[in-house]
Amino acid sequence: MKRLLAVASIILLGSFTGVSKYTGTISGLVSDAENGTPVASAIIEVMQGKTIIKKQIASNDGKFTLQVNEGNYNVRVSAKGYSQRTVAVYVKRDKVSVVNVALQKEYVAEELNVESIPAKPGKRYLKICMGELDMMAVGMPSSYGGSFYTADYDGSFIDHNTEEYDFINENGFKDALKDPLSTFSVDVDRASYSNVRRFLTQNQKPYRDAVRIEEMINYFDYDYPQPTDGHPFSVTIEGDKCPWNPDRQLVMIGLKGENMNEKEIPPSNLVFLIDVSGSMAPANRLPLLKQAFKYLVDQLRPEDRVSIVVYASACGIVLESTPGTDKPKIKAAIDMLQAEGATAGGEGIQMAYKVAKQNYIHGGNNRVILATDGDFNVGVSSTSELVKFIEKKRDDGIFLTILGFGMGNYKDGRMEQLSNAGNGNYAYIDNILEAKKMFGTELWGTLYAIAKDVKIQVEFNPARVKAYRLVGYENRMLNKEDFNNDKKDAGDIGCGHTVTALYEIIPADSHEQVTDIDPLEYTKQVVGNSKDLMSVKIRYKRPNEDTSNLITQKVEWNKLTKTNNFLFASSVAEFGMLLRESEHRGNASFADVLTRSRKSMGKDEYGYKAEFIKMVEMAEVLYR
Numbered sequence: 031m032k033r034l035l036a037v038a039s040i041i042l043l044g045s046f047t048g049v050s051k052y053t054g055t056i057s058g059l060v061s062d063a064e065n066g067t068p069v070a071s072a073i074i075e076v077m078q079g080k081t082i083i084k085k086q087i088a089s090n091d092g093k094f095t096l097q098v099n100e101g102n103y104n105v106r107v108s109a110k111g112y113s114q115r116t117v118a119v120y121v122k123r124d125k126v127s128v129v130n131v132a133l134q135k136e137y138v139a140e141e142l143n144v145e146s147i148p149a150k151p152g153k154r155y156l157k158i159c160m161g162e163l164d165m166m167a168v169g170m171p172s173s174y175g176g177s178f179y180t181a182d183y184d185g186s187f188i189d190h191n192t193e194e195y196d197f198i199n200e201n202g203f204k205d206a207l208k209d210p211l212s213t214f215s216v217d218v219d220r221a222s223y224s225n226v227r228r229f230l231t232q233n234q235k236p237y238r239d240a241v242r243i244e245e246m247i248n249y250f251d252y253d254y255p256q257p258t259d260g261h262p263f264s265v266t267i268e269g270d271k272c273p274w275n276p277d278r279q280l281v282m283i284g285l286k287g288e289n290m291n292e293k294e295i296p297p298s299n300l301v302f303l304i305d306v307s308g309s310m311a312p313a314n315r316l317p318l319l320k321q322a323f324k325y326l327v328d329q330l331r332p333e334d335r336v337s338i339v340v341y342a343s344a345c346g347i348v349l350e351s352t353p354g355t356d357k358p359k360i361k362a363a364i365d366m367l368q369a370e371g372a373t374a375g376g377e378g379i380q381m382a383y384k385v386a387k388q389n390y391i392h393g394g395n396n397r398v399i400l401a402t403d404g405d406f407n408v409g410v411s412s413t414s415e416l417v418k419f420i421e422k423k424r425d426d427g428i429f430l431t432i433l434g435f436g437m438g439n440y441k442d443g444r445m446e447q448l449s450n451a452g453n454g455n456y457a458y459i460d461n462i463l464e465a466k467k468m469f470g471t472e473l474w475g476t477l478y479a480i481a482k483d484v485k486i487q488v489e490f491n492p493a494r495v496k497a498y499r500l501v502g503y504e505n506r507m508l509n510k511e512d513f514n515n516d517k518k519d520a521g522d523i524g525c526g527h528t529v530t531a532l533y534e535i536i537p538a539d540s541h542e543q544v545t546d547i548d549p550l551e552y553t554k555q556v557v558g559n560s561k562d563l564m565s566v567k568i569r570y571k572r573p574n575e576d577t578s579n580l581i582t583q584k585v586e587w588n589k590l591t592k593t594n595n596f597l598f599a600s601s602v603a604e605f606g607m608l609l610r611e612s613e614h615r616g617n618a619s620f621a622d623v624l625t626r627s628r629k630s631m632g633k634d635e636y637g638y639k640a641e642f643i644k645m646v647e648m649a650e651v652l653y654r
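Reminder that position 328 of the sequence shown reads as 358 in the working numbering, one-by-one numbering, no gaps.
Have a look at this one:
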């Protein structure tokens, strides 16, 4: 009996303390709604029902981070001189749920313009209409539209912020003698960069896990040469001292997709899959989405075709397959879209693939373009279910592009996983200029892949390398045996696209200690005399092929040089580490980023690099 009571006590203790291997994270910023400044020493209480299970005082810069078990919570925030606010949030295992709370010094519910929406038992639900006052209440500019609130029994308002990001466990250093192979999938996604820009332009620090350094780097095109050896992309390798740690080395691997004339690109069968649920109503969601898609329509050729599938509480076909010559008809179908209802995203994806298959163009560019805030809550809605479905469909030769919109309930991690599963790419559209970039200057790089399942495997020579670290690509790591497995999915490269990866290297003659692992007793460790620093192998398939091709290139440190490509890419990487407050940032500084990026801008036809410098300047102020 005593033993049973002891076991029960342990179980109960675990339930109250939140001790579990299945934990998630609630992270956020408390700010003043009027001026956006951080509210120091705010009290953060995580509650289930009326029971407080976690409590924390925000730092001087208004930040807080708490670990909790998976489940539904209310986060109550209070500070002296401010009205108390409570935020409802659902925390998932291994996810970061973002909860930003803007506190008001004076908050009078009667002053708000509200309209009733259907009630649920025990509560009355209110929708805050768009307006400047409403946006101040949630700490957003008025241009971004409204937010949803629940009035609880006691009349206090609960706003629902369910923005989510997958946890990133940054790559550490690997011992080149014990673990000489580094294998990863290329990534041309660029969503993280524009999402970070959204945070900074709102005078907010981005959350650590919103910053994926490889996507920051790959937002920019670099001046790599065109392929000349029959492969669909070129390979460029540069290197120099590591800017944030001069005792180390930094090596850059750059790929450049073949530029193609518009006439060389096969006809496209595009299915626009558009989220028209109620959460898409604000100005930075469906209205912006409609502008973006109409800009894409303007670029269509006569041989291209478009279908439109929408989903909310249910899904349906708004436009049957229509040729690119009938642009007014396609735009009219887009204009009629309105946001209302729940989000049956899973059903929508299934229907979109069905429509794409029905209108399949053999030898053509077949693609579903999903535009959403990622909040699927009806039908097949779990990420794992959707990933399995999309993995099955990619074998049909249908690619997937995902466009993220909005804030507050934005599901970044989900959309990244779906795009990775679907031979696709993923972008975040925060303004109309980003839409123009994606569907104007980079349209066919976005929509037409010249190589799929592109994998990189680097073998480091322990005679020259003590340890190495891949900068970013945490969500793209592969097992070493995956490299030669043609059934293993990997990333794609579009025409004209560039892909860049950086390795930070500790030279073999360094006295720096990098591992606590004891020497192996039963494995003979041999170090050769080769002058090679490393060997780079790349596998890829052409879009309509199932067998991979191999590119191999050996690298000697003394033969490496640096160009503006290296200098600018390393500046972006350093910036990303500063935003993440990475343990590997060494001597990194915003001043160093600004100096090096300004010197290495080179050709900047569209002003993207100049914009980057403005972002660094904003961050430098925020991170003081």
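For every residue, glycine included, the Cβ atom is placed at its ideal position computed from N, Cα and C.
The Cβ-Cβ distance between V107 and I56 does not fall below 8 Å. Under the 8 Å Cβ criterion, the stretch 459-469 does not count as touching the stretch 500-508, having fewer than three qualifying pairs. The straight-line gap separating the alpha-carbon atoms of Y249 and G394 is approximately 27 Å. In the structure shown, Q114 falls within a coil segment according to DSSP collapsed to helix, strand and coil. Within the stretch 464-551, complete beta strand (DSSP E) segments of at least 3 residues are found at 479-490, 495-500, 521-524 and 528-537, given in chain order. Within the stretch 571-653, the complete alpha helix (DSSP H) segments at least 4 residues long are 594-610, 620-629 and 638-652, listed from N- to C-terminus. According to the DSSP assignment, I364 belongs to the alpha helix (DSSP H) that extends over K357 to D365. Here the alpha carbon of S627 sits roughly 6 Å from the alpha carbon of S601.
Taking a 10 Å sphere around the C-beta of Y498, we find 16 or more other C-beta atoms and assign the residue as buried.
Between Y252 and A599, the beta carbon gap of about 7 Å places them in contact (Cβ cut-off 8 Å). Ranked by how close their Cα comes to the Cα of T528, the residues G404, T476 and S565 have T476 in first place. Taking C-alpha positions only, I581 is separated from E472 by approximately 26 Å. Closest by C-alpha distance to V585, out of A109, V131, E268 and L211, is E268.
Linking K208 to R569 through their CA atoms gives a straight-line distance of about 24 Å. Distances from the CA of N455 to each of Y638, L330, R331 and V216 were compared; the closest alpha carbon is that of V216. Three or more Cβ pairs drawn from the stretch 94-112 and the stretch 54-74 lie within less than 8 Å of each other, which places the two stretches in contact. When DSSP states are grouped into helix, strand and coil, P68 belongs to the strand group.
Remark: C-beta atoms of V566 and I243 do not approach each other more closely than 8 Å. In the three-state DSSP reduction, E100 falls in the coil class, being neither helix nor strand.
Rounded to the nearest angstrom, the gap between the Cα atoms of T431 and E446 is 10 Å. Counting along the chain, no beta strand (DSSP E) covers V226; the unbroken alpha helix (DSSP H) around it starts and ends at A221 to T231.
Fully contained in the stretch 276-326 are the following beta strand (DSSP E) runs of length 3 or more, in chain order: 298-305.
One alpha carbon belongs to I82, the other to V76, and they sit about 6 Å apart. Contact between L59 and Q234 holds, since their C-beta atoms are separated by about 6 Å, short of 8 Å. The straight-line gap separating the alpha-carbon atoms of K561 and A401 is approximately 50 Å. In this structure, A531 keeps its C-beta atom at 8 Å or more from the C-beta atom of I480. G79 and K85 have their C-alpha atoms roughly 15 Å apart. Excluding five sequence positions before and after K633, the CB atoms of its chain that fall closer than 8 Å to its own CB belong to D253, given in chain order. Under the 10 Å beta carbon count, D483 is surrounded by 16 or more other beta carbons and is classified as buried.
Fewer than three beta-carbon pairs drawn from the stretch 286-294 and the stretch 308-322 are found closer than 8 Å, and the two stretches are therefore not classed as touching.
It is roughly 23 Å from the alpha-carbon of G202 to the alpha-carbon of V226.
Around the beta carbon of R228, a 10 Å sphere encloses 16 or more other beta carbons of the protein chains shown; the residue is thus reported as buried.
The beta carbons of V301 and V398 sit about 5 Å from each other, so the pair counts as a contact at 8 Å. Taking every protein chain shown into account, the CB of I87 has fewer than 16 other CB atoms within 10 angstroms, so this residue is exposed. Straight across, the Cα-Cα distance linking D426 with A493 is about 46 Å. Cβ contact annotation for D270 (same chain, cutoff 7 Å, sequence separation greater than five): L280, K592 and F596, in chain order.
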